[in-house]
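So that you can map any letter, position 382 of the sequence shown is 382 in the UniProt record's numbering, and since no number is skipped, the others follow by simple counting. For reference, the structure discussed in these notes is given below.
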Amino acid sequence: MASALAAKLGFNSLLRRQAKNFRVRICTMESDMEFSCEVLDQEVPQEEPITLHFLAKFYPENAEEELVQDITQHLFFLQVKMKILEEEIHCPPEASVLLASYAVHAKYGDYDPNVHKTGFLAEEELLPKRVINLYQMTAEMWEERITACYAEHRGRTRDEAEMEYLKIAQDLDMYGVNYFLIRNKKGTDLLLGVDALGLHIYEPDNRLTPKCSFPWNEIRNISYSDKEFTIKPLDKKTNVFKFNSSRLRVNKLILQLCIGNHDLFMRRRRVDSLEVQQMKAQAREERARKQVERQRLQREKQLREEAERARDDLERRLIQLQDEAHMANEALLRSEQTADLLAEKAQIAEEEAKLLAQKAAEAETEMQRIKVTAIRGQEERQLMEQKMLEAEMLALKMAKESERRAKEAEQLRQDLQEARESERRAKHKLLEITSKPSPGMLPDSMPPDLSFSRENLSFDFKDTDMKRLSMEIEKEKVEYMEKSKHLQEQLNELKTEIESLKMKERETPLDIIHNQNTEQGTSKHSNFKKVATSSFVL
Numbered sequence: 001m002a003s004a005l006a007a008k009l010g011f012n013s014l015l016r017r018q019a020k021n022f023r024v025r026i027c028t029m030e031s032d033m034e035f036s037c038e039v040l041d042q043e044v045p046q047e048e049p050i051t052l053h054f055l056a057k058f059y060p061e062n063a064e065e066e067l068v069q070d071i072t073q074h075l076f077f078l079q080v081k082m083k084i085l086e087e088e089i090h091c092p093p094e095a096s097v098l099l100a101s102y103a104v105h106a107k108y109g110d111y112d113p114n115v116h117k118t119g120f121l122a123e124e125e126l127l128p129k130r131v132i133n134l135y136q137m138t139a140e141m142w143e144e145r146i147t148a149c150y151a152e153h154r155g156r157t158r159d160e161a162e163m164e165y166l167k168i169a170q171d172l173d174m175y176g177v178n179y180f181l182i183r184n185k186k187g188t189d190l191l192l193g194v195d196a197l198g199l200h201i202y203e204p205d206n207r208l209t210p211k212c213s214f215p216w217n218e219i220r221n222i223s224y225s226d227k228e229f230t231i232k233p234l235d236k237k238t239n240v241f242k243f244n245s246s247r248l249r250v251n252k253l254i255l256q257l258c259i260g261n262h263d264l265f266m267r268r269r270r271v272d273s274l275e276v277q278q279m280k281a282q283a284r285e286e287r288a289r290k291q292v293e294r295q296r297l298q299r300e301k302q303l304r305e306e307a308e309r310a311r312d313d314l315e316r317r318l319i320q321l322q323d324e325a326h327m328a329n330e331a332l333l334r335s336e337q338t339a340d341l342l343a344e345k346a347q348i349a350e351e352e353a354k355l356l357a358q359k360a361a362e363a364e365t366e367m368q369r370i371k372v373t374a375i376r377g378q379e380e381r382q383l384m385e386q387k388m389l390e391a392e393m394l395a396l397k398m399a400k401e402s403e404r405r406a407k408e409a410e411q412l413r414q415d416l417q418e419a420r421e422s423e424r425r426a427k428h429k430l431l432e433i434t435s436k437p438s439p440g441m442l443p444d445s446m447p448p449d450l451s452f453s454r455e456n457l458s459f460d461f462k463d464t465d466m467k468r469l470s471m472e473i474e475k476e477k478v479e480y481m482e483k484s485k486h487l488q489e490q491l492n493e494l495k496t497e498i499e500s501l502k503m504k505e506r507e508t509p510l511d512i513i514h515n516q517n518t519e520q521g522t523s524k525h526s527n528f529k530k531v532a533t534s535s536f537v538l
């Protein structure tokens, strides 16, 4: 009703009796339409095609109740959106973001993160430039905030999103206000605002807060004479407000707006006409039908989504079962491989255990043998030490015996030398005696030579003893040589046995000299013989 009334009042006020045929293009925010129509004589450019912007002349107080048809609502939504973006209607930044989110929903429908990815609003004009320039925010940051609000509108239809947009926009201070520059009686510049609720007087630099207002139900009469415009309040005690406009044509336009808005204001407060009631009933039926259809579609969509989710769950379950089966097969294969490997390892371990047991037995046997060898070696070492001790004692004893024998031999040699010397003297005396003739001398008349005879007799006795003594000495010498030979063999045998146990590094200088003498065959007796021989020679 409002759109039809707006079109009727807007165009009929501009019609003239004479008409011409023009090709007209009606432009909206989303599409262009061309058609041929008859337009009366107007002040329009003489060119074809002529672009006309189809705009509502009168704004509804409550868009939800007054905009009956969907097309009216859509066109009115586009007009309000254009005026907000062009900043003809002031909109706070936070309201701009919310309105932008509803505008996006009206265009794209429900938010789908798989479809509406980052950057899908890059080419859209959604915010007034004033708001964009007011904050240090990039286009991506604005898009992120608009998308966050957009995602919250899920479940609404596009018509509902447009209506929510209009419900927010109709509460803006400059919504539906037409401004005209005027002057009061004092010549002060002011602004006259005409909207669906009444007339408002503003200061030129403040279009949001009026200085004073005249509601339509408090205005008794509005008239103009030439450039002077008069507003008479219903209360006669209130002063009449007069102002001047720049042109007569502006006064005519102000008057048309006032008449139209006042008429609509009064109609809204009366019972709707039969035509309007029928339109509203049809609209309600259409909305109910659309609601039922939407609910049906919503249920179908829900069922479809549930079916898709169930299908996805089944697919995931199938994939999961396939994966589990594949994993089970792999696990079984690994188990078989592991079992074979374990069996092989068990066999190897058993063989290794047998080998280790055998080695352990061998090691035990070797250890026992080493113990026995060690005990035997210790016994042999002790026996060797005992033999060495006995050999040393025997060598010491033999050395003592040899020294005693040597002394006896030396004494006997001295006695032998004395005996030989006595024999030599006796022979010499005997030779002297035998060379003198007096065989018939009587013994009583013997000279002192008689004592010689006695000595000679005594010599003979001594010579016999010396021979016997010489024989005994030779016998003892032979026995001594045999004993020395036996002793030497015993010493050599003992030396051979203990030679492996000798520590060369601990030999003294005397030990080294002894070894050299032994290798050269030099001994004490051989040295003694050499010394004795050299003595005799000397």
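Beta carbons: idealized from backbone N, C-alpha and C, even for Gly. Nothing here was measured: the structure is a model prediction, and the numbers come from that model.
Give me the Cα-Cα distance between Met163 and Arg220, rounded to the nearest whole angstrom. 34 Å
Does the beta-carbon of Lys407 have 16 or more other beta-carbons within 10 angstroms, so that it is buried, or is it exposed? exposed
Taking contact to mean 3 or more Cβ pairs, one atom from each stretch, closer than 8 Å, check whether the region 46-63 and the region 160-177 are in contact. yes
So Arg145 and His105 are in contact, right, with Cβ under 8 Å, and what is the actual spacing, rounded? The Cβ separation is near 15 Å, so there is no contact.
Grab the span of the beta strand (DSSP E) containing Ile201 for me, first residue to last. 198-202
Give the straight-line distance between the Cα atoms of Arg183 and Asp226, rounded to the nearest whole angstrom. Rounded to the nearest angstrom, the two C-alpha atoms are 14 Å apart.
From the DSSP output, which residues share a beta bridge with Val194? Asn178, Leu199
Which word fits Pro448, buried or exposed, when buried means at least 16 other C-beta atoms lie within 10 angstroms of its C-beta? A caution first: Pro448 carries a pLDDT of 41, below 50, which makes its placement in the model too unreliable to give a value.
Span of the alpha helix (DSSP H), counted from its first residue to its last, around Leu99: 93-108
From Gly176 to Phe58, what distance separates their C-alpha atoms? 7 Å
Excluding the 5 residues preceding and the 5 following Lys211 in the sequence, name in chain order all residues of the same chain whose CB lies nearer than 6 Å to its CB. In the same chain as Lys211, and ignoring 5 residues on each side of it, the C-beta atoms closer than 6 Å to its own belong to Ile201, in chain order.
Span of the alpha helix (DSSP H) around Glu51: Reading off the sequence shown, one finds Thr at residue 51, where the question assumed Glu. In this chain, Thr51 is not harboured by any alpha helix (DSSP H); it is covered by the beta strand (DSSP E) spanning 50-53.
Is it buried or exposed, Val194, if we count other Cβ atoms within 10 angstroms and call 16 or more buried? When all chains shown are included, Val194 counts as buried.
Is the CB of Lys236 under 8 Å away from at least one CB in chain C? No chain C is present in this structure, which holds just one protein chain.
Can you tell me where the beta strand (DSSP E) with Asn261 in it begins and where it stops? Counting along the chain, Asn261 falls outside any beta strand (DSSP E), though it belongs to the alpha helix (DSSP H) covering 248-268.
If Phe243 and Leu190 are in contact, beta carbons under 8 Å, what's the gap, nearest whole angstrom? 7 Å
Rounding to the nearest angstrom, what Cα-Cα distance links Ala95 and Leu85 in this structure? 12 Å
Pairwise C-alpha distance: His262 and Ala288: 32 Å
Starting from the C-beta of Glu125, find all residues in its chain whose C-beta is less than 8 Å away, skip the five residues before and the five after it, and write them out in chain order. Closer than 8 Å at Cβ, skipping near neighbours: Leu85.
Let's see if you can read the secondary structure: which residues bound the alpha helix (DSSP H) around Glu228? Segment 228-233 is the beta strand (DSSP E) holding Glu228; no alpha helix (DSSP H) there.
Excluding the five sequence neighbours on either side, which residues of its own chain have a C-beta within less than 6 Å of the C-beta of Trp142, listed in chain order? none
Leu274 and Ile222 - do their beta-carbons sit closer together than 8 Å? Not a contact, by the Cβ cut-off of 8 Å.
Ends of the beta strand (DSSP E) at Arg220? 219-225
Once the 5 residues before and after Arg158 are set aside, which same chain residues still bring their CB inside 8 Å of it? His105, Ala106, Lys107, Gly109
Secondary structure at Asp112, three-state DSSP: helix, strand or coil? If DSSP states are grouped into helix, strand and coil, Asp112 belongs with coil.
Whole angstroms are fine: how far does the CA of Glu385 sit from the CA of Met398? 19 Å
Would you identify the three-state DSSP class for Phe243, choosing helix, strand or coil? strand
In the DSSP assignment, what residue or residues form a beta bridge with Asn206? The partner list for Asn206 (beta bridge, DSSP) reads Glu203.
Return the CA-CA distance between Glu218 and Lys117, expressed in angstroms with no decimal places. When rounded, the separation of the alpha-carbon atoms in Glu218 and Lys117 is 54 Å.
On the criterion of 16 or more Cβ atoms from any shown chain inside 10 Å, does Ile370 qualify as buried, or is it exposed? exposed
Going by Cα to Cα distance, which pick from Pro204, Asp235, Ser422, Arg207 is closest to Pro215? Asp235
For Tyr179, which of Leu253, Glu160, His153 has the nearest alpha-carbon? With distances taken between Cα atoms, Tyr179 lies closest to Leu253.
Under the three-state reduction of DSSP, which class applies to Val372: helix, strand or coil? In the three-state reduction of the DSSP assignment, Val372 falls in the helix class, which pools H, G and I.
So, Leu199 versus Ser246, is the Cβ gap smaller than 8 Å? no
From what residue to what residue does the beta strand (DSSP E) around Phe214 run? Element bounds for Phe214: 212-215.
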